[in-house]
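Read the structure below first, then the notes.
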Amino acid sequence: MITVIGSANMDIIAQADKFPLQGETVRGKDFQTSPGGKGANQAVACARLGQNVQLIGTIGTDSFGEMIVANLRNQQVDTSYIAQAEGPSGVAIVLLTEGDNRIISIPGANHALTPQRIGELKSVIGASQLVMMQLELPIDTVWSVLKLCRELEVPVMMDPAPSSSFQLEYMSYVHYLTPNETECAQLFGISIEETVSNYPNQLLVTLGKDGVCYHDREQIIYVPGVPVQVVDTTGAGDTFNGALASQLVQGNDLHSAVQFANVAASLSVGKFGAQGGMPTAQEVENVTDKID
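Throughout, the numbering used here is defined as the position within the sequence shown, counted from one, plus 456.
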């Protein structure tokens, strides 16, 4: 069982031909709402790939909360440990243009996930093969999860987003850290090559269309991206994390897991919405077979 501890949001998506400049109003092309949140996205990515996955998180008492849970259940994610807190659910305002995005995340009920709640779920977390985390939770809660997982000897995969919440001390607690190239520069302040060399088989840097970079203790490895027609990059990183986790809990080696996750992330940008393009295992394998 993979346990995702993180955010569940409703994404409010506006599409336009260009991003507005400071003080500018632009005419939009389309508007949609779509379930999101990095925690929920990663859980759905795992489920789409056939893994048993549960999400520990919090929703609000609004209609968005009901929609978030209904969607997770429909995607075969175990929602037994999603609590409800008074007030609004988390939302993300997504501006989308030319396949690129800018996002404002508003935590809402996600910040009601407390260290006390994590402690109450010690047995659930302890029975997990892998815990997946992001940084859309209160810092105290993040620390409580990391310390508990170390005590229970449960490996942790962390997506350090938003990067402003990252603390370098986390590195001694996490087995895998998966920043994108912008986040990597913000977190460590040195070149990607030097950074991955400092954290072999632990730091996996996603490079968008250029693939993934990591160090395997002997050399720097570049896994090239898969050319696709980009529709929406939202959720590509979450797909990478979910796919990587799905492979690791099946006992696959890190290199083959990274290759699989890289293909999954590439496929995800071909459809609209954070979760809309997340592929099945068969879809990933079909592309992987062609590459091989």
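A virtual CB, placed ideally from N, CA and C, is assigned to each residue, including glycine.
Fair warning: this is a prediction, and the values are worked out from it, not measured in the lab.
Asked: Rounded to a whole number of angstroms, what is the C-alpha to C-alpha distance between Val686 and Ala721?; Found: 11 Å
Asked: Exposed or buried, which one is Arg483 when buried takes at least 16 other CB atoms within 10 Å?; Found: exposed
Asked: Comparing C-alpha positions only, which one of Met627, Lys665, Asn636 and Arg558 sits nearest to Asn654?; Found: Met627
Asked: Mind checking whether Gly693 and Asp596 have CB atoms under 9 Å apart?; Found: no
Asked: Just to confirm the assignment, what range does the beta strand (DSSP E) spanning Arg558 have?; Found: Asp556 to Ile562
Asked: Starting from the N-terminal side, write out each stretch of the beta strand (DSSP E) that is 3 residues or longer and does not extend beyond the segment 574-608.; Found: 586-589
Asked: Tell me the residue span of the beta strand (DSSP E) that contains Ala539.; Found: Ile538 to Gln540
Asked: Determine, using beta carbons only, whether Ser490 and Gln510 come nearer to each other than 9 Å.; Found: no
Asked: Taking the alpha-carbon of Phe728 as reference, which of Phe487, Thr459 and Met457 has the nearest alpha-carbon?; Found: Phe487
Asked: Kindly indicate the opening and closing residues of the alpha helix (DSSP H) around Ser712.; Found: Leu710 to Ser724
Asked: Alpha carbon to alpha carbon, how far is Gly479 from Gln585? Give it in angstroms, no decimals.; Found: 49 Å
Asked: The beta strand (DSSP E) that contains Ser702, what's its start and end?; Found: Looking at the DSSP string, Ser702 is not in any beta strand (DSSP E); the run it does join, the alpha helix (DSSP H), is Ala692 to Leu704.
Asked: Exposed or buried, what is Arg504 when buried is set at 16 or more other beta-carbons lying within 10 Å of its beta-carbon?; Found: buried
Asked: Whole-angstrom Cβ separation of Gly516 and Gly564, contact assumed at under 8 Å?; Found: 6 Å
Asked: Quick check: Asn497 and Met734, are their CB atoms within less than 9 Å of each other?; Found: yes
Asked: CA-CA distance, Leu593 and Asp688?; Found: 25 Å
Asked: Would you call the segment 596-614 and the segment 626-643 in contact, with 3 or more CB pairs under 8 Å?; Found: yes
Asked: Helix or strand or just coil, what does DSSP make of Ile549?; Found: strand
Asked: Can you have a look at Leu683 and say buried or exposed, based on whether 16 or more other CB atoms are within 10 angstroms of its CB?; Found: Note that residue 683 is Pro in the sequence shown here, rather than Leu. Pro683 is exposed by the Cβ-count criterion.
Asked: Compute the distance between the beta-carbons of Gly513 and Ala539, then report whether it is under 9 Å.; Found: yes
Asked: Could you tell me how far apart the beta carbons of Gly462 and Gly546 are, in whole angstroms, since I believe they sit closer than 8 Å?; Found: Not confirmed; about 10 Å, so no contact.
Asked: Go ahead and pull the three-state DSSP assignment for Asp666.; Found: helix
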